[in-house]
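Here the protein sequences line up with chains B and V, keeping their order.
Throughout, the numbering used here is defined as the position within the first sequence, counted from one, plus 452.
Throughout, the numbering used here is defined as the position within the second sequence, counted from one, plus 534.
See structure below.
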Amino acid sequence: MDRQRIIDQVPALRRYARVLTGDAWAADDLVQDTLERACRKWVLWRSGSNLRAWLFTLMHHLYLNQLRGSPPLQVVDIDTLHEGLQAPTHDADSALDLERCLQRLPADQRTVLLLVALEDMSYADAARVLQIPVGTVMSRLARARARLRELMEQSPAAPTQKPVLRRLK
Amino acid sequence: MFDSPQRPFDENDLHALADGQLSPERAQAIRAQLGADQAERVAHWAAQRAQLQSLYASIATEPLPDVLLTAANRLQALQDRQTQLWRWGGMAASVLLAFGLGWTLHGQWSGQPTSAPLPMASEQRFAQQAALAHAVYQPEQRHPVEVDAAQQEHLVQWLSKRLGRPLKLPVLTPQGFELVGGRLLPGESGARAQFMYQNAAGLRITLYLGALNGAGADETAFRLYADGPVPAFYWLDQGFGYALSGSLGRDALLALATAVHQQL
């Protein structure tokens, strides 16, 4: 049996948390809460079962609880912000574009796309993490991809707007 | 879900293709049949994937803050303990349950239809308990036995008293096995003793014994119980059941069982 080391799972948890929360501090807090919760619930994990999916499941659960417990972030539509924002450097245009479009996806589509495309998770594991049927994973994934493509194609020449809630650095 | 190469493909398969979640055969079969429009979409999604991964790649290579390292290490310690526990043949919980319930749940546990659990002779259940007890204690590093071989006299007196019969410790030194010690265990019909032996290579065998209700005074031949976590040879002798368990080949285990039997 392969030994799945916890420490190897942490970078991916951090990455997903960062994109999920859009905030480096909030993301690390979420990862820490996840690891602590895992310590308390460890007896539920069985050797040989998928450690990564289990940790992501715990994290997603905590994230949803946080969302419920805290007042929702005020989301400002990018398009209402006009020109008031700083233009990013040009070489990062397409990356920022992607990031911006990603943040405009509905949350349930974004989580599926991130787990599958960014974290390279199997559909079954993504379904487990999000606690939804695999069929729902597939339909959300299809919608996420179609929507992301639309968004990207709508704004090829609009790289000057910074995403609103972006506090990545 | 996405396996058989010959099945006609649908939209989900296109996603699975872009996500690399198909078997190579299936992926190849689908690629060969893709229309231009489908191929373009798959390529677009794959590019989206690559772009996403490169966009956030740096986050995963940042050094971890101490607080996360500490939390991860604490969890790792728990995992190591748990893995150890399950690696004992994954049997610890089953054994406790089984001893507690007198094996009434056996059918369920072993995956046999619960509606019609196979009746198992008490000798067989005895052998099964022996094999499970072996799987539980054999990997134990710190507490393989309750009383170790250094207190052999005490061990024999104690277990003789608890099992209600003067016991003899078989000597397996000629076969390369030295006594590690022994412990007392609960059995279906009373106390059981487990003696553990170990050879120079660290391989452990256990002798499990105790009074069996309904076992007559007669002696039975050796029988092999092979459905447990390790094989066990078991036999009855004057109302007592004996089982010798170990991860050994049939012949080697039988030779040891014979040596034990001759000394009892």
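We treat Cβ as the ideally placed atom computed from N, Cα and C, and that holds for glycine.
Note down, in chain order, each residue of its chain lying with its Cβ closer than 7 angstroms to the Cβ of residue i, except the 5 sequence neighbours on either side.
i: L693(V); result: L701, G716, L718 and A727
i: L586(V); result: none
i: L689(V); result: V681, G715 and G716
i: L758(V); result: P765, F767 and R784
i: A561(V); result: L551
i: G724(V); result: G744 and A745
Near residue i, which residues of its chain fall below 8 angstroms by C-beta distance, leaving aside the five closest residues on each side in sequence?
i: A793(V); result: P704, L706, P708 and Q709
i: Q572(V); result: L548
i: A789(V); result: Q709
i: P482(V); result: Lying outside 535 to 798, the shown extent of chain V, residue 482(V) is not represented and no answer is given.
i: A579(B); result: P585, V586, T588 and V589
i: Q567(V); result: F543
Note down the Cα distance separating residue i from residue j, rounded to an integer number of angstroms.
i: G636(V); j: A766(V); result: Unreliable positioning characterises G636(V) in this predicted model, as indicated by a pLDDT of 46, which lies under 50. The coordinate reading is nonetheless provided below. Roughly 20 angstroms between the two C-alpha positions.
i: V483(B); j: F508(B); result: 9 angstroms
i: T595(V); j: L487(B); result: 19 angstroms
i: A786(V); j: F711(V); result: 12 angstroms
i: Q555(V); j: S574(B); result: 7 angstroms
i: E674(V); j: A791(V); result: 23 angstroms
i: A570(V); j: V576(V); result: 10 angstroms
i: S546(B); j: R457(B); result: 35 angstroms
i: R467(B); j: A581(V); result: 20 angstroms
i: Q610(V); j: R492(B); result: 13 angstroms
i: R784(V); j: G762(V); result: 14 angstroms
i: L697(V); j: P720(V); result: 11 angstroms
i: V581(B); j: H512(B); result: 7 angstroms
i: Q672(V); j: Y731(V); result: 10 angstroms
i: T648(V); j: E657(V); result: Residue confidence is low: T648(V) scores 39 on pLDDT, short of 50, so the model does not pin down where it sits. No coordinate-derived value is stated.
i: V586(B); j: F774(V); result: 55 angstroms
i: Q796(V); j: A684(V); result: 24 angstroms
i: E687(V); j: P599(V); result: 56 angstroms
i: W579(V); j: A591(V); result: 18 angstroms
i: A464(B); j: I593(V); result: 8 angstroms
i: A478(B); j: Y515(B); result: 10 angstroms
i: A735(V); j: L713(V); result: 14 angstroms
i: W494(B); j: Q613(V); result: 7 angstroms
i: A576(B); j: A760(V); result: 36 angstroms
i: L550(B); j: A596(B); result: 13 angstroms
i: Q543(V); j: A594(B); result: According to the sequence as given, residue 543(V) is Phe; it is not Gln. The alpha-carbon atoms of F543(V) and A594(B) are separated by roughly 15 angstroms.
i: L798(V); j: R615(V); result: 38 angstroms
i: N517(B); j: A655(V); result: 53 angstroms
i: D572(B); j: R676(V); result: 41 angstroms
i: W497(B); j: R699(V); result: 43 angstroms
i: L519(B); j: L602(V); result: 22 angstroms
Just to confirm the assignment, what range does the beta strand (DSSP E) spanning residue i have?
i: D771(V); result: A766 to D771
i: F660(V); result: First-last for F660(V): S656 to Y671, but that is the alpha helix (DSSP H), not the beta strand (DSSP E).
i: L778(V); result: F774 to G780
i: N733(V); result: G724 to N733
i: T480(V); result: Residue 480(V) is absent from the structure shown; chain V starts at 535 and stops at 798.
i: R676(V); result: That residue, R676(V), is in no beta strand (DSSP E); it is neither H nor E in DSSP.
i: R556(B); result: Looking at the DSSP string, R556(B) is not in any beta strand (DSSP E), and its letter there is neither H nor E.
i: P542(V); result: Element bounds for P542(V): n/a, residue is neither H nor E.
i: F711(V); result: F711 to G721
i: L496(B); result: Where L496(B) is concerned, there is no enclosing beta strand (DSSP E), given that its DSSP letter is neither H nor E.
i: L758(V); result: R757 to Y759
Less than 6 angstroms between C-beta atoms, sequence neighbours within five positions excluded: which residues of the same chain meet that for residue i?
i: W807(V); result: With chain V represented from 535 up to 798, any question about residue 807(V) goes unanswered, as that position is not in the structure.
i: Q461(B); result: R504 and L507
i: F729(V); result: G716 and L741
i: L510(B); result: T486, R489 and A490
i: L782(V); result: none
i: N733(V); result: G710 and F711
i: Q606(B); result: none
i: N502(B); result: none
Starting from residue i and walking both ways along the alpha helix (DSSP H), at which residues does that stretch end?
i: G474(B); result: It is not in any alpha helix (DSSP H) - G474(B) carries neither H nor E in the DSSP assignment.
i: Y590(V); result: Y590(V) -> no alpha helix (DSSP H), and no H or E assigned at all.
i: E687(V); result: Q686 to L697
i: L787(V); result: R784 to Q797
i: R580(B); result: Y575 to L582
i: R457(B); result: Looking at the DSSP string, R457(B) is not in any alpha helix (DSSP H), and its letter there is neither H nor E.
i: L510(B); result: L503 to G521
i: L593(B); result: V586 to Q606
i: E596(V); result: Run containing E596(V): none; DSSP gives neither H nor E here.
Requested in this report: Decide if the segment 464–472 of chain B is in contact with the segment 559–575 of chain B; the criterion is three or more beta carbon pairs, one per stretch, under 8 angstroms apart.
Outcome: yes
**Report entry** Contact the segment 589–602 of chain B vs the segment 539–554 of chain V: 3+ CB pairs below 8 angstroms
**Finding:** yes
Query raised in the report: Three or more C-beta pairs closer than 8 angstroms, one from the segment 659–669 of chain V and one from the segment 770–786 of chain V: is that the case here?
Result: yes
Query raised in the report: Is the segment 554–562 of chain B touching the segment 595–608 of chain B in the sense that three or more CB pairs, one from each, lie closer than 8 angstroms?
Result: yes
Query raised in the report: Which parts of the segment 542–586 of chain V are runs of the alpha helix (DSSP H), unbroken and 4 residues or longer, counting only runs that do not cross its ends?
Result: 545–552 and 558–567
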